[in-house]
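Presented below is the structure to which this report refers.
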Amino acid sequence: MSGETSPALLILDLTGTFAFALNGALIAVRTARVDIVGVITLGMITAIGGGIIRDILLNGLPPATFQDWRYLAVAAAGALIAFAFAHLLDRLSLPIMILDAIGLSVFAITGATKALGFGLGPAQAVILGTITAVGGGTLRDALLGRIPSIMSDGLYAIPALVGASIAVVASLLGLLGPVTAISAATVCFLIRVVGMHFN
Amino acid sequence: MSGETSPALLILDLTGTFAFALNGALIAVRTARVDIVGVITLGMITAIGGGIIRDILLNGLPPATFQDWRYLAVAAAGALIAFAFAHLLDRLSLPIMILDAIGLSVFAITGATKALGFGLGPAQAVILGTITAVGGGTLRDALLGRIPSIMSDGLYAIPALVGASIAVVASLLGLLGPVTAISAATVCFLIRVVGMHFN
Amino acid sequence: MSGETSPALLILDLTGTFAFALNGALIAVRTARVDIVGVITLGMITAIGGGIIRDILLNGLPPATFQDWRYLAVAAAGALIAFAFAHLLDRLSLPIMILDAIGLSVFAITGATKALGFGLGPAQAVILGTITAVGGGTLRDALLGRIPSIMSDGLYAIPALVGASIAVVASLLGLLGPVTAISAATVCFLIRVVGMHFN
């Protein structure tokens, strides 16, 4: 199944994995009760959780994460780097939010595209793209006992829905390639950043 | 797989989906920290979460929710209606509890019946019916940081177990049809309502 | 799939199921807000949750727990016994911790071995063994609103990783049998107990 992934989508997917691993680990570091194993675990769950939920719902098991070692390697590397340099970034909220926006944008597009490839309908693909984008962070927040962003921050799910919709429409029109995929992710990213600015 | 569902079971299933979507969205509205996207998300998760867990455990993937657009449409409609009229219902606990009892009763029966259709044994079918009934609400509560009803309210799981057991016995006796299914759901509903009254 | 399980692994698996059911139910009893249904539910989720997550990720659905009635029977028996004798054990933290260490050790080995049997690579098998070991307790803690042990107790995941690694290496060397499996579980158990002592 993972063999169907185009190189451009794979690169986007690994970028999102890396960004979310950094983000999840940095959030874990700021939570005093969590130790190094907790930091690595939370970084990896943030990075690969959304894709695993998507692959379960798509019947694409075992998940891509367990079929292709690069996902686990990139997720672990991101979490370790965040742990090592956390003291430099600890007080800065901005990197955490930018990394989250990158992961959100990329996974909305790759998740929706993968769902279409598994034969799901357009509405289902948009929802699965959004689940891919928000799933890892939601698991992270549930494990930390925080209200997940998707529940409390209206402009968290909406950019993912928009990005996934653009990708699905582009795919239905036969226009989905690296350029449209990155454009859709960029639109999602910009909506998210503008939303954070006004929140 | 969803093609095996009889019309009566499908109608019951969609009724439960609608009731749980209203219930989940109304509970979300009462939780001040949650915005409109959170309300819709929580309504939909309450409505389709139990069935998704059931379909994962049954190896019936992708879940019925993603194979048949009516589940998503009914869940989204229920959550939107609850959001629109929440100001009328906000202070009333009774509709929330009645809607929850309806979803619980219906999903216990449809979940157990579907599990039998996938070849699981009677005890497993009873447990899967109960998981279908309580799963969505448990996900909702976990995301809101509340202790799930199934943990703290003894008369929450028991009616579901009774209803699922009646459906399984009726099915083993070759007596399961629309009338017995609705009767089993009614027994579950009545036990739940009596339990709420004395709690 | 469950037919591939050797008798030794099955006995280990049921031992871990029983230990985790006792542990989960005893923890639930100490949590005042949880009633008898909650105690049984939490005992069973602690006992079978890790294996269910493993079987989902392995594409081994329906989970072993739903294919072989002995898992459900042993889990229910453990939870009921813990409920019946909880007043004798209520104030004692030691049995809870020892039972947890037993479940952790056994599931790390059986989970990793099952993952290898499904064709996953060594690193993935180690991770899946660890997920099997910590998954049930993590679900238990998430439902109780506690920070999961794996997040806050560094010496919780590490023994499981070590035990799973030993089992995977033994298996790759063609040396995995009852004796090596029990030895790997014992190493995991001892690291965990020493870790608890110094914590």
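Residue numbers (our numbering), protein chains in the order written: chain D, 425 to 623; chain Y, 425 to 623; chain G, 425 to 623.
No residue lacks a Cβ here, since even glycine has one placed at the ideal position from N, Cα and C.
Note that the structure is predicted; figures quoted are calculated from it, not measured.
Who are the near neighbours of residue i in its chain, counting only those whose CB is closer than 8 Å to its CB and skipping five residues on each side?
| i | result |
| --- | --- |
| LEU568/G | ILE451, ALA452, THR455, VAL458, LEU466 |
| ILE460/Y | PHE507 |
| GLY427/G | Residue placement at GLY427/G is poorly supported in this model, since its pLDDT is 41, which falls under 50; the coordinates still yield a value, given next. Counting only Cβ-Cβ distances below 8 Å, and skipping sequence neighbours, we find nothing. |
| ALA539/Y | ARG478, LEU482, GLN548, ALA549, LEU552, GLY553 |
| LEU544/Y | LEU482, LEU552 |
| MET620/Y | MET521, ALA525, LEU579 |
| LEU436/Y | VAL530, ILE533, THR534, ALA605, ILE606, ALA609 |
| ILE571/Y | ASP565 |
Can you check whether the CB of residue j is closer than 8 Å to the CB of residue i?
| i | j | result |
| --- | --- | --- |
| THR470/D | GLY448/D | yes |
| GLY502/Y | VAL558/Y | no |
| ALA443/D | GLY561/D | no |
| VAL617/D | ALA497/D | no |
| ALA609/D | ILE522/D | no |
| LEU433/D | THR537/D | yes |
| ALA510/G | ALA566/D | no |
| SER529/G | PHE622/G | no |
For residue i, I'd like the list of residues in its chain whose CB is within less than 6 Å of its CB, leaving aside the five on either flank, ordered along the chain.
| i | result |
| --- | --- |
| PRO487/D | ILE476, ASP479 |
| ALA580/Y | The sequence shown places Tyr at residue 580/Y, rather than the Ala named in the question. The answer, listed in chain order, is SER573, ILE574. |
| ALA499/Y | THR441, ALA445, MET468, ALA471, ILE472 |
| PRO546/G | VAL592 |
| PHE531/D | GLY440, GLY474, THR556, ALA557 |
| SER607/G | none |
| LEU599/Y | none |
Cutting at 7 Å between CB atoms, please list the residues of its own chain near residue i, excluding the five before and the five after it.
| i | result |
| --- | --- |
| MET425/D | Since pLDDT at MET425/D reaches only 36, below the 50 mark, its modelled position is unreliable, and the value read off the structure follows with that caveat. Cβ neighbours of MET425/D beyond the five flanking positions: GLY484. |
| VAL463/D | ALA449, ALA452, VAL453, ALA503, PHE507 |
| VAL611/Y | VAL586, GLY587, ILE590 |
| ARG494/G | LEU438 |
| THR489/Y | ILE472, GLY475, ILE476, TYR495, LEU496 |
| LEU563/G | ILE469, GLY473 |
| SER595/D | THR537, LEU540 |
| ILE505/Y | LEU446 |
(message) If contact is defined by three or more beta carbon pairs under 8 Å, each pair taking one atom from either stretch, is the region 547-559 of chain D in contact with the region 578-585 of chain D?
(response) yes
(message) With three or more C-beta pairs closer than 8 Å as the rule, is the region 557-576 of chain G touching the region 590-605 of chain G?
(response) no
(message) At 3 residues or longer, what runs of the beta strand (DSSP E) sit wholly inside the region 444-506 of chain D?
(response) none
(message) Please give me, in chain order, every unbroken run of the alpha helix (DSSP H) with length at least 4 that falls completely inside the region 510-575 of chain D.
(response) 510-513, 517-541, 546-568
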